[in-house]
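Participant: In the working numbering, the protein residues as written are -9 to 102.
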């Protein structure tokens, strides 16, 4: 069996159903699947696209609908959030700020 190649940062290898799967995991979130061959150009193109989303996230004034940032914005403008005490809102804001590195990703893709 040939030696396993060294994987790029944030890439994890999983074995399931007799196959090997590669995923990008960043700050505890699985951000995308990668092609099966870690030495192929397609693998590195997919990896580069995901890494661009992490590192070069242009922040527009209006978040893209369906993104985590859009969901947070909607929540912060909801009556339930606005009814919270000021201290509670500050606490929530601190926790929501931890999601900023991944807030451009589609909310539906984020598990747990």
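All C-beta atoms in this analysis are idealised placements derived from N, C-alpha and C, irrespective of residue type, glycine included.
(1) Taking all protein chains shown into account, decide if residue 98 is buried (16 or more other Cβ within 10 angstroms of its Cβ) or exposed.
(2) If you pair each beta-carbon of the stretch 82 to 101 with each one of the stretch 7 to 14, do three or more pairs fall below 8 Å?
(3) With the cut-off set at 8 Å, would you say residue 62 and residue 93 are in Cβ contact?
(4) Please give me, in chain order, every unbroken run of the beta strand (DSSP E) with length at least 3 that falls completely inside the stretch 16 to 83.
(5) Is residue 59 buried or exposed, if buried means 16 or more other CB atoms sit within 10 Å of its CB?
(6) I'd like to confirm the pairing. Which residues does DSSP put opposite residue 0 in its beta bridges?
(7) Using the rule of at least 16 other Cβ atoms within 10 Å of the residue's Cβ for burial, across every protein chain shown, is residue 37 buried or exposed?
(8) Where does residue 74 land, buried or exposed, given buried means 16+ other C-beta within 10 angstroms?
(9) Three-state secondary structure (DSSP) at residue 91?
Facilitator: Considering the structure as presented:
(1) Locating residue 98 in the chain shown gives position 108, counting from the first residue. Exposed, since its Cβ has fewer than 16 Cβ neighbours within 10 Å.
(2) no
(3) Within the chain shown, the letter at position 72 stands for residue 62. Within the chain shown, the letter at position 103 stands for residue 93. Yes, Cβ-Cβ distance for residue 62 and residue 93 is below 8 Å.
(4) 19 to 24
(5) Taking the chain shown and counting its residues from 1, the one referred to as residue 59 is at position 69. Answer is buried; the Cβ neighbour count reaches 16.
(6) Counted from its first residue, the chain shown places residue 0 at position 10. For residue 0, which the question treats as bridged, DSSP gives no partner whatsoever.
(7) Within the chain shown, residue 37 is the residue found at index 47, counting from 1. Classification of residue 37: buried, given that the 10 Å Cβ count is 16 or more.
(8) Stepping through the chain shown from its first residue, residue 74 is reached at position 84. Looking at its Cβ environment, which holds fewer than 16 other Cβ atoms inside 10 Å, residue 74 is exposed.
(9) Here residue 91 corresponds to residue number 101 of the chain shown, with the count starting at 1. In the structure shown, residue 91 sits in a helix (DSSP, three-state: H, G or I).
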